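**Student:**
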Ligand code: NAD
Ligand code: UGA
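In the numbering used here, the protein residues as written are 1074 to 1406.
#1: Measure how close the beta-carbons of residue 1164 and residue 1187 come, nearest whole angstrom, since I'm counting them as under 8 Å.
#2: Beta strand (DSSP E) containing residue 1306: first to last residue?
#3: Go to residue 1339, then tell me how far its alpha helix (DSSP H) extends in each direction, as first and last residue.
#4: Spatial neighbours of residue 1140 within its chain, please: C-beta separation below 8 Å, excluding the five flanking residues on both sides.
#5: Give me the Cα-Cα distance between residue 1182 and residue 1349, rounded to the nearest whole angstrom.
#6: Report the start-end ranges of each beta strand (DSSP E) in the segment 1257–1285 that is 3 residues or longer and not cut off at the edges.
#7: By Cβ distance, which residues of its chain are closer than 7 Å to residue 1235, with the 5 residues on each side in sequence left out?
#8: What distance in whole Å lies between the Cβ atoms of residue 1099 and residue 1274, which are believed to be in contact at a cut-off of 8 Å?
#9: Of all the beta strand (DSSP E) runs that stay within the bounds of the segment 1151–1204, which reach a length of 3 or more residues?
#10: The beta strand (DSSP E) that contains residue 1144, what's its start and end?
#11: Using three-state DSSP, classify residue 1100 as helix, strand or coil.
#12: Could you pull out every residue in the same chain whose Cβ sits closer than 8 Å to the Cβ of residue 1211, ignoring the five residues on either side in sequence?
#13: Can you check whether the CB of residue 1394 is closer than 9 Å to the CB of residue 1408?
#14: Tell me which residue opens and which closes the alpha helix (DSSP H) that residue 1392 is part of.
#15: Taking DSSP's pairing of strands, which residues face residue 1090 in a bridge?
#16: Flag this pair as touching only if the segment 1088–1104 and the segment 1118–1134 have three or more C-beta atom pairs under 8 Å; answer yes or no.
#17: Give me the residue from 1250, 1124, 1179 with the minimum Cα distance to residue 1209.
#18: If you draw a straight line from the C-alpha of residue 1159 to the C-alpha of residue 1231, how long is it?
#19: Tell me where the beta strand (DSSP E) around residue 1326 begins and ends.
#20: Could you work out which residue in 1256, 1317, 1238, 1302 is closest to residue 1104 when comparing CA atoms only?
#21: Residues in its own chain within less than 7 Å of residue 1233 by CB, not counting five upstream and five downstream?
#22: Going by the C-beta, is residue 1217 closer than 8 Å to any heavy atom of the ligand UGA?
#23: If you compare alpha carbons, which of 1399, 1224, 1315, 1295 is closest to residue 1354?
#24: Distance check for residue 1308 and residue 1092, CA to CA, integer angstroms please.
#25: Nearest to residue 1221 by CA position, among 1396, 1387, 1369, is which residue?
#26: Specify, as a first and last residue, the run of the beta strand (DSSP E) that residue 1353 falls within.
#27: Using a Cβ-Cβ cut-off of 7 Å (strictly less than) and excluding sequence neighbours within five positions of residue 1154, which residues of its own chain qualify?
#28: So with Cβ pairs under 9 Å, would you call residue 1323 a contact of chain D?
#29: State yes or no: is the C-beta of residue 1324 within less than 9 Å of the C-beta of residue 1378?
#30: For the alpha helix (DSSP H) that residue 1210 lies in, which residues bound it at each end?
#31: If you follow the beta strand (DSSP E) that residue 1067 is in, where does it begin and where does it stop?
#32: Heavy atom of the ligand NAD less than 8 Å from the Cβ of residue 1171, yes or no?
#33: Could you tell me the distance, in whole angstroms, from the CA atom of residue 1319 to the CA atom of residue 1291?
#34: If you drop the 5 nearest sequence neighbours on each side, which residues of the same chain put their C-beta closer than 8 Å to that of residue 1086?
#35: Nearest to residue 1168 by alpha carbon, out of 1095, 1293, 1374, 1284?
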């Protein structure tokens, strides 16, 4: 594990035409770009309006100049989905409302709408349109609190936040559809572990730590910084996601963990050493639903897809810092 540009050694299936939901988002835009580079036609669907949303515009600009991209601005809660799915080899369903902490508030109904109701509509449409494969973005948060040891896909889920409950519902909903005798769509649910890298969502910790180091603005730390995450570089997450389109029909649930287990204090130290600047930390209280440790058991995904992460936290954060230090977010290498 080292360079942020190194491709993960996973088998890539041949895909002619696919749908990526959430294509104007962080992971979705990287996924769409990677698929386009392999010659796949990508129908990207997202409800954000790049004319009014600079984050969406920056994400979509990474797709500029790549052939074969068709963008549809639509809310999947109400739009007709069937037409996007004509002749699709796979759906990569990444659209959703992410983020653990805001899910306790009044925004919860949006989590239910975009993570559960939208997913039900997509699985119904996939079944009608006979799309052979659905890859759905689930989350490490479904495991909830652990004893610090690695989480296995077969562990009993104990989601600790409303967000995590919706992600568990989302993956299980897809798998329930797929288990029906009359459903032509097989499902692979990927439990991503805290993904970082260029164009990461600005509410996430790695982005905030690097921004604090680059700008001198204070960094708010929720707790003592000893929380640990299995940080996953975005190119690695994308490689696993593309490989999942070619997984056996019974692959089911797979952990996507970067293998870079680190604490928030480690992240702060790396941000300081990469920038040569000290971060001013303001300590706040631990947020509800925040688990102390996430750690993926990597064996199943390695066995099923031959995937393993290629980028370590230092190299990945360097790539993220370089993209932040430039005036516009460039496409990730
Ligand atoms: P993101 O917010 O950057 O991207 C999600 C996109 O989905 C957004 O652009 C949003 O506009 C779109 N969307 C939401 N509801 C929609 C709707 N009703 N219709 C159309 N578009 C809609 O988030 P991200 O960090 O790229 O995460 C992508 C997916 O991966 C999410 O499902 C998230 O729960 C999951 N996930 C992310 C992480 C992570 O570390 N980033 C970890 C685990 C799981
Ligand atoms: C991340 C994503 O945000 C979720 O969408 C995703 O589902 C989840 O990973 C996952 O792995 O499934 P999280 O691990 O909470 O969730 O990642 P961050 O938002 O980057 O937070 C990491 C840690 O930093 C948390 O302990 C959080 O409390 C802390 N944090 C975050 C701060 O101390 N300060 C901040 O400003 C932001």
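Even glycine gets a Cβ: it sits at the ideal position worked out from N, Cα and C.
As the structure is a computational prediction, the values presented were derived from the model and not from experiment.
**Tutor:** Let's see:
#1: Between the beta-carbon of residue 1164 and that of residue 1187 there is about 15 Å, and that puts the pair past the 8 Å contact cut.
#2: 1301–1306 is the span of the beta strand (DSSP E), which, as asked, contains residue 1306.
#3: Under the DSSP assignment, residue 1339 falls in the alpha helix (DSSP H) whose first and last residues are 1337–1348.
#4: Excluding positions up to five away in sequence, the list reads 1109.
#5: Distance from the CA of residue 1182 to the CA of residue 1349, rounded to the nearest whole angstrom, comes to 43 Å.
#6: Taken in chain order, the whole beta strand (DSSP E) runs of length 3 or more contained in the segment 1257–1285 are 1259–1265.
#7: Close CB contacts of residue 1235 within its chain, under the 7 Å cut and outside five residues either way in sequence, are with 1176, 1177, 1181, 1184 (chain order).
#8: Indeed, because the Cβ distance is near 5 Å, the residues count as touching under 8 Å.
#9: 1163–1166, all fully within the segment 1151–1204.
#10: Residue 1144 -> beta strand (DSSP E) spans 1142–1146.
#11: Helix.
#12: Spatial neighbours of residue 1211 in its own chain (CB-CB distance under 8 Å, excluding positions within 5 residues in sequence) are listed in chain order as 1240, 1241, 1243, 1244, 1262, 1263, 1264, 1265, 1326.
#13: Lying outside 1074 to 1406, the shown extent of the chain, residue 1408 is not represented and no answer is given.
#14: Its alpha helix (DSSP H) spans residues 1386–1398.
#15: As computed with DSSP, residue 1090 is found in a beta bridge with 1114.
#16: A contact exists between the segment 1088–1104 and the segment 1118–1134.
#17: The residue with the shortest Cα to Cα distance from residue 1209 is 1250.
#18: Between residue 1159 and residue 1231, the C-alpha separation is close to 37 Å.
#19: Taken as a continuous stretch (DSSP letters only), the beta strand (DSSP E) holding residue 1326 covers 1325–1329.
#20: Measuring from the Cα of residue 1104, the nearest candidate turns out to be 1317.
#21: Cβ within range, chain order: 1217, 1218, 1362, 1364.
#22: False, no ligand heavy atom lies under 8 Å from that Cβ.
#23: The option with the nearest alpha carbon to residue 1354 is 1295.
#24: Their backbone Cα atoms lie some 19 Å apart in a straight line.
#25: The option with the nearest alpha carbon to residue 1221 is 1369.
#26: Residue 1353 -> no beta strand (DSSP E), and no H or E assigned at all.
#27: Within the same chain, residue 1154 has close Cβ partners 1194, 1195, 1198.
#28: No chain D is part of this structure, which consists of one protein chain only.
#29: Yes, the Cβ-Cβ distance between residue 1324 and residue 1378 is below 9 Å.
#30: Counting along the chain, residue 1210 falls outside any alpha helix (DSSP H), though it belongs to the beta strand (DSSP E) covering 1206–1212.
#31: This structure gives no information on residue 1067, because the portion of the chain shown stretches from 1074 to 1406.
#32: At a threshold of 8 Å, residue 1171 counts as near the ligand NAD, since its beta carbon sits closer than that to one of the ligand's heavy atoms.
#33: Roughly 44 Å separates the two Cα atoms.
#34: Cβ-Cβ distances below 8 Å link residue 1086 to 1315, 1316, 1318, 1319 in the same chain, with the five nearest sequence neighbours on each side left out; the list follows chain order.
#35: If we check each option's Cα against that of residue 1168, 1095 comes out closest.
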